[in-house]
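Chains as they are written, first to last, in my numbering: chain A, 1 to 182; chain B, 183 to 420.
Scroll down for the structure; my scribbles are underneath it.
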Amino acid sequence: MTEKRKLRVATTSLAGCFGCHMSFLDIDERLFTLLEHIEFDRSPLTDIKTVSPGTDIGLIEGGLCNAENVHVLREFRANCTILIAIGACAINGGLPAQRNHLPLTTILEEVYHTSPGLHNGMIPNDPELPLPLNQVHPIHEVVKIDYFIPGCPPSGDAIWKVLTDLLAGREPTLGHGLMHYD
Amino acid sequence: MNPTFELDGQAISFAEGQTILQAATTAGVYIPHLCYHPEFKPHGSCKLCTVKVNGRQTAACTMRAALGMKVESNCEEINAERRALTQMLFVEGNHFCPSCEKSGHCQLQATAYHLGMMSPHYDHFFPNRAVDASHPEFLLDFNRCILCSLCVRASRDVDGKNVFALSGRGIKTHLIVNARSGRLADTDFAATDKAAAVCPVGVILPKRQGFAVPIGERPYDKVAIGAATTVRAEEEAS
Chain A
1 MTEKRKLRVA
11 TTSLAGCFGC
21 HMSFLDIDER
31 LFTLLEHIEF
41 DRSPLTDIKT
51 VSPGTDIGLI
61 EGGLCNAENV
71 HVLREFRANC
81 TILIAIGACA
91 INGGLPAQRN
101 HLPLTTILEE
111 VYHTSPGLHN
121 GMIPNDPELP
131 LPLNQVHPIH
141 EVVKIDYFIP
151 GCPPSGDAIW
161 KVLTDLLAGR
171 EPTLGHGLMH
181 YD
Chain B
183 MNPTFELDGQ
193 AISFAEGQTI
203 LQAATTAGVY
213 IPHLCYHPEF
223 KPHGSCKLCT
233 VKVNGRQTAA
243 CTMRAALGMK
253 VESNCEEINA
263 ERRALTQMLF
273 VEGNHFCPSC
283 EKSGHCQLQA
293 TAYHLGMMSP
303 HYDHFFPNRA
313 VDASHPEFLL
323 DFNRCILCSL
333 CVRASRDVDG
343 KNVFALSGRG
353 IKTHLIVNAR
363 SGRLADTDFA
373 ATDKAAAVCP
383 VGVILPKRQG
393 FAVPIGERPY
403 DKVAIGAATT
413 VRAEEEAS
């Protein structure tokens, strides 16, 4: 019997805090079981910088706050069969989106010019820096997302449930206790 | 013996004049709702309690139960519409559960869990709504208002004060405070008012007790809204 091909999984944190990745690691020793079925592609865990074509699952933490976030998200969508939004920020913008009612200029002025101790500071404008978006957006507003794991962060158990459902070919579901927006 | 109607194949008995929602709740059957409260006249605005009566959609909180009617409630067609309505409520306001004091005790959130809402689906409005922290004991965060009008009804009908009102029309409808300044501090609103305790979401919040009960140990963290008819009844009666 031929061994079943391992699924390729890529992960990234866009406008997130890496809390969802930390929560992913909270599946603890179940990571070993998981690694019997998957291998990591682009991810902060591997430091691979681009997503390989034909990657099976992409896990996206964080929303979209700048042009680079949008670029990375589109790269994931172009190369992943299944894209999963993980955590509040990817799903509704989360904490970063709470700047959305403020004009971007006001925020940059406040952060780099008028805050105490920053007198005569300058707004960074190095061409390498990605341009901030006027508003932070959830990722489903830009590309098609196949599954969502809500939570801030979702528990390791919730992430485990969705991944094992997918590995088993089931439609992922989260019952009471695993489904949390907070 | 009381007359009965059929709800998802189950016989529900009702007293003359009871609505479908009242009769179902009495029988321990949960029909999702947000603007309905057992102590107030039905408002029929949130449409979460929509059911199919003899094949036609109607609000269970306003429709009186009648002998032999066939009501469909907990089916995929109706639940999908309820989920879509809930998603619209989420994107029209600013509902950031992780930083909301009401999280875990919020009927909007609990109803969304019940309906299996995994994402907001629609594009967010991200409206710009100011908070009103003028009152010494209570905070108003309009970002979370779902226009259920329970505070309006409680203040007018129970407290006899008319502190709150819905203003504007259609998508521009919004909650206002009835004071020349528009500030809660300039009204006779009091912590003992019914209106202070009736908000199903996190708009009307008592100050300085936000996280007295930690997230994870709140009512809907422990018992799902659909499974908790008794818990909900107690809470709604409080």
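From the three backbone atoms N, C-alpha and C, an ideal C-beta is built for every residue, glycine too.
Assignment of beta-bridge partners to residue 320 (chain B) by DSSP yields B:388.
Residue pairing for residue 10 (chain A): DSSP places it in a beta bridge opposite A:58. A straight-line Cα-Cα distance of about 11 Å links residue 310 (chain B) and residue 103 (chain A). Within chain B, no residue has its CB atom less than 7 Å from the CB of residue 21 (chain A), the nearest being about 17 Å off.
For residue 264 (chain B), the enclosing alpha helix (DSSP H) covers residues 258-274. Taking 8 Å as the threshold, the shortest C-beta distance from residue 112 (chain A) to chain B does not fall below it. The three-state reading of DSSP puts residue 223 (chain B) in coil, since its state is none of H, G, I, E or B. When A:155, A:158, A:27 and A:55 are compared, the shortest CA-CA separation from residue 79 (chain A) is found for A:55. Look at the region 308-338 of chain B: the residues with a C-beta under 7 Å from a C-beta of chain A are 308 and 310. Apart from sequence neighbours up to five positions away, the residues of its chain that approach residue 236 (chain B) with a beta-carbon distance below 7 Å are 251 and 252, ordered along the chain.
Within the DSSP secondary-structure output, residue 80 (chain A) pairs in a beta bridge with A:55. Selection B:275, B:244 and B:317 evaluated against residue 353 (chain B) yields B:275 as nearest (Cα-Cα). With a 10 Å radius around the Cβ and a threshold of 16 neighbouring Cβ atoms, residue 107 (chain A) comes out exposed.
The Cβ of residue 397 (chain B) sits closer than 8 Å to at least one Cβ of chain A. Contact annotation: the region 199-219 of chain B touches the region 227-241 of chain B, with at least three C-beta pairs closer than 8 Å. Shortest Cα-Cα distance from residue 322 (chain B) to any of B:314, B:328 and B:388 involves B:314. Between the beta-carbon of residue 73 (chain A) and that of residue 142 (chain A) there is about 6 Å, and that keeps the pair under the 8 Å contact cut.
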